[in-house]
Amino acid sequence: MKEFSFFSPGTLDEALSLLSQHKDSVSVIAGGTDIVLELNERAHTAQAVVDISKIKDLRYVKVVDGVVRIGALSTFTDLENDPYIRDHVKSLYSACYYVGSPQIRNLGTIGGNVANASVAGDTPTALISLDATVVLRSAAGKREMKITDFYSGAGKTQLEKDELLTEIYFDAPTENMATAYTKLGKRKALVIVVIGLAVLLERDCNNICSKAQVVIGAVARYPKRLPSIEHYLVGKPITKETFEGCRDMFSQIVYDMIPTRASVGYKKESVKGVANKTFNSILKDFSLSGGEE
Amino acid sequence: MEKIRVSFNLNNEDVTIETFPNKRVVDMLREDFGCTSVKEGCGEGECGACTVIRNGEPVTSCTMLAGQVAGDRIVTLEGLSKNGELDILQKTFMEAGAVQCGFCTPGMILSAKALLMKNPHPTREEIRRALSGNLCRCTGYTKIIKAVEMAIEE
Ligand SMILES: Cc1cc2nc3c(=O)[nH]c(=O)nc-3n(C[C@H](O)[C@H](O)[C@H](O)COP(=O)(O)OP(=O)(O)OC[C@H]3O[C@@H](n4cnc5c(N)ncnc54)[C@H](O)[C@@H]3O)c2cc1C
Ligand code: FES
Ligand code: FES
């Protein structure tokens, strides 16, 4: 491993001032599950490493005035064990529940998952379907932006070297909404996402779909909203038949995204099963027939 | 490179060490504290051989930097046996034939231990999930699950 100096601030202010002092060559480390490998193997050259994992104030889940606020240092285990997330934000719950292994869930943070912008990240897909906003702070101030704007494409984000991602927030799903996330993983040693599908649906009092946010991850370079599916769903009754009616659209979308990729045949077929499972979970949450047991 | 000072609790003893910041926890435990039960398999967080219990939760020590355990409580297999008396899991692993080459065993036992500390009567499914980050190339898991179930009964 390359040489570096190591800092372990206990407060956000300390961390931000360290980042601004060292911004020419600094790496942030939270859980370390992505970056320690990088520091260890690749010729990573940061001269300073700032460990933010001891900043207790950045580890929380709270619901205030209808907004769910999650501190960047919350681990996958924290989120999976949070009763509110489990009962009311099933998409995010599932995204965390199916991450790697217990050890990785105990260390890995949602902030690291979002900031790392890996193609195979589970929570970004779910968070985009929740239309989440990220909060970035530096010694100079604070910026907020939609998570979709945070990703500037192909593994890049808007984070500056002297900034920390401190919070992710989104509107709490209402009684008329259901959310779901399905991950299709391929087993090498631990499961890495092959397809991740996140859905948020809202219905009106006649069981007609009034809002649909559908996001596919791990197929293209970064998770993508699927406007054609969303369009199809809005205005239709929320039934098994409606959902079955868009299964082939999913195949076509996957094909259009990666027509030349070797995995296209497999992904194009398996996305139908993934869509099925996701929509079954939504039907179940709405207590409608056709949902899973 | 400047050394850092790290204080934490290792196997029920408060310790302080001066070490290089680019050391991983697995290397620090093995080299500086002689905890050779902590194994490095893949070095990538995949196999669980380097598992230790940190503040009650299993974590992979190959994905953590030494300075990150400051103030934490760390338990390795060395910390499970008390006054030469083996932990119940160490006994049932041997009785059930859950140990072949033994490389995965320390990490496996620590993951099981962390589970039982939180949930003394887990279901088979809960045991499987708790051990899903520990790979064993020899035994095929059935005997490992059995060993954990035997420990629950005692
Ligand atoms: C064996 C294994 C299995 C895995 N399985 C999965 C899986 O199933 N699904 C999945 O999505 N991921 C998986 N991962 C990837 C990883 O665990 C996650 O991406 C995790 O969320 C990263 O969080 P961390 O806190 O460990 O990040 P770190 O490794 O500490 O940091 C990752 C990157 O984000 C930056 N960063 C972290 N926090 C902040 C912050 N608050 N502000 C600004 N920058 C920040 C760091 O500088 C670094 O560049 C796996 C990893 C391993 C090793
Ligand atoms: S050596 Fe750490 S998980 Fe394999
Ligand atoms: S006993 Fe050999 S790897 Fe498990």
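Chains as they are written, first to last, in this note's numbering: chain G, 331 to 623; chain B, 861 to 1014.
Ideal Cβ placement from N, Cα and C applies to all residues, glycine included.
| Asked | Found |
| --- | --- |
| Specify the secondary structure class of ALA471(G) as computed by DSSP and reduced to three states. | Correcting the residue identity first, residue 471(G) is Gly in this sequence and not Ala. Strand. |
| Would you list the one or two residues that DSSP bridges to ASN610(G)? | ASN610(G) pairs with nothing; no bridge assigned. |
| Please confirm if ARG984(B) has its CB atom under 8 angstroms from at least one CB of chain G. | no |
| Only counting the same chain, and skipping five residues up and downstream in sequence, which positions put a Cβ closer than 6 angstroms to that of THR923(B)? | GLY905 |
| Is GLU917(B) near ligand 1, with its Cβ less than 7 angstroms from a heavy atom? | no |
| Quick one: what does DSSP say ALA930(B) is sitting in, helix, strand or coil? | coil |
| Using 8 angstroms as the limit for Cβ to Cβ distance, is PRO339(G) near chain B? | no |
| Looking at chain B, which residues of the region 448-482 of chain G have a Cβ within less than 9 angstroms of any of its Cβ atoms? | none |
| Report yes or no: is there a C-beta of chain B within less than 8 angstroms of the C-beta of GLU344(G)? | no |
| Distance cutoff 8 angstroms, beta carbons only. Does GLY927(B) sit that close to anything in chain G? | yes |
| Using a strict less-than 5 angstroms threshold between each residue's beta carbon and the heavy atoms of ligand 1, what residues do you get? | VAL358(G), ILE359(G), ALA360(G), GLY361(G), GLY362(G), THR363(G), ASP364(G), ILE365(G), ALA402(G), VAL429(G), GLY430(G), ILE434(G), GLY438(G), THR439(G), GLY441(G), GLY442(G), ASN443(G), ALA445(G), ASN446(G), GLY451(G), ASP452(G), LEU494(G), LEU495(G), LEU520(G), GLY905(B) and GLU906(B) |
| Output the boundary residues of the beta strand (DSSP E) element that contains PHE1024(B). | Residue 1024(B) lies beyond the range of chain B shown here (861 to 1014); nothing can be said about it. |
| State the beta-bridge partners of LYS554(G) as determined by DSSP. | ILE546(G) |
| Is any beta-carbon of chain G found at less than 8 angstroms from that of ASP987(B)? | Per the sequence shown, the amino acid found at residue 987(B) is Ile instead of Asp. Taking Cβ atoms only, chain G never reaches closer than 8 angstroms to ILE987(B), which makes this a no. |
| Which runs of the beta strand (DSSP E), 3 residues or longer, sit entirely within the region 977-1008 of chain B? | none |
| Exposed or buried, which one is LYS598(G) when buried takes at least 16 other CB atoms within 10 Å? | buried |
| What is the DSSP secondary structure of ILE913(B), reduced to helix, strand or coil? | strand |
| Any contact between the region 503-516 of chain G and the region 409-417 of chain G? By contact I mean 3 or more CB pairs, one from each, below 8 angstroms. | no |
| For ILE525(G), does the three-state DSSP call read helix, strand or coil? | strand |
| Give a yes or no on whether the C-beta atoms belonging to ILE568(G) and LEU495(G) are separated by under 8 angstroms. | no |
| With a cut-off of 5 angstroms, give the chain-ordered residues whose Cβ is closer than this to any heavy atom of ligand 3. | GLN960(B), CYS961(B), PHE963(B), CYS964(B), CYS996(B), ARG997(B) and CYS998(B) |
| Counting only C-beta atoms, is ASN882(B) closer than 8 angstroms to chain G at any point? | yes |
| Taking 8 angstroms as the threshold (beta carbon to beta carbon), is THR920(B) in contact with chain G? | yes |
| How many Å lie between ARG865(B) and PRO966(B) at the Cα? | 27 angstroms |
| Within 7 angstroms: the Cβ of GLY901(B) and any heavy atom of ligand 2? | yes |
| Between which two residues does the alpha helix (DSSP H) harbouring ARG416(G) extend? | 413-418 |
| Look up ASN869(B) in the DSSP assignment and give the residues it is bridged to. | ASP874(B) and ARG933(B) |
| Is ALA462(G) close to ligand 2? I mean its beta-carbon at under 7 angstroms from any heavy atom of the ligand. | no |
| GLY939(B) versus chain G: which residues are under 9 angstroms apart at the beta carbon? | Going along chain G, no residue has its Cβ under 9 angstroms from GLY939(B), so there is no contact; the nearest lies around 18 angstroms. |
| Mind checking whether the beta-carbon of THR920(B) lies closer than 7 angstroms to any heavy atom of ligand 2? | yes |
| Regarding ALA376(G) and ligand 2, is the C-beta to nearest heavy atom distance less than 7 angstroms? | no |
| LEU889(B) and SER921(B) look like a contact to me (Cβ under 8 angstroms); what is the Cβ gap, rounded to whole Å? | 6 angstroms |
| For chain G, find out if any of its Cβ atoms is closer than 8 angstroms to the Cβ of GLY1000(B); answer yes or no. | no |
| Taking Cβ positions only, does ALA990(B) come closer than 8 angstroms to chain G? | yes |
| Who are the neighbours of GLY430(G) on chain B, taking C-beta pairs under 8 angstroms? | GLY905 and GLY993 |
| CA-CA distance, GLU1081(B) and ILE913(B)? | It is not possible to answer for residue 1081(B), since the shown part of chain B is limited to 861 through 1014. |
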